[in-house]
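The opening position of the sequence shown corresponds to residue 18 in the numbering used here, with each subsequent residue numbered one higher.
Here is the structure we will look at, set down as C-alpha cells.
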Amino acid sequence: GIMSEVKIDTVKMRETGENILKLVEDLRSTYQDFFTRLENVPTKTREWVGPTSEEFFGTIKFDKIDFMAFTNNLYKYGKYLVDSANEFEFTIQKIRR
Numbered sequence: 018g019i020m021s022e023v024k025i026d027t028v029k030m031r032e033t034g035e036n037i038l039k040l041v042e043d044l045r046s047t048y049q050d051f052f053t054r055l056e057n058v059p060t061k062t063r064e065w066v067g068p069t070s071e072e073f074f075g076t077i078k079f080d081k082i083d084f085m086a087f088t089n090n091l092y093k094y095g096k097y098l099v100d101s102a103n104e105f106e107f108t109i110q111k112i113r114r
C-alpha cells in the first residue's frame, strides 16, 4: 500500500490555541464592562431614565447571553486546538518508540 505523509505543526497549533484563549479573556472582559455599563444607565448613571429606558435596557440581558455564548464557543475552539496539539504530540511520541 501507499503511505501518505501528514505534516502537523503542533507548536503553531498550540500557539494559535493559546492566543485565542488569551484574546477570548480580553473580549469577555470587554463585553462584561460594556454590558455592566449599559445595565447601569436607567438606575445608576441615569443618562436616560423612565419606563422606556428600563424596558430598553431590560432587553440588553438577552444580547449579553448571546455575546457570552459567542466567547464561550471561541474559548472551546482555542482549547480544542491546544488539546489536539497535545494529543498529536503524544501519538507521534508513541509511534516513534
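Cβ coordinates follow ideal geometry from the N, Cα and C atoms, glycine included.
Using 10 angstroms around the beta-carbon of Met30, count the other beta-carbons present and answer buried if the total reaches 16, otherwise exposed.
The residue is buried, with at least 16 neighbouring Cβ atoms inside 10 Å.
Which of helix, strand or coil does DSSP assign to Val41?
The answer is helix: DSSP assigns Val41 an H, G or I state.
Would you call the CB atoms of Leu98 and Gly34 closer than 8 Å?
Yes.
Any heavy atom of the ligand GDP inside 7 Å of the beta-carbon of Asp83?
Although the ligand GDP was asked about, the structure shown includes no ligands whatsoever.
I need the straight-line Cα distance from Met85 to Arg54, nearest angstrom please.
Each residue's Cα considered, the two are about 16 Å apart.
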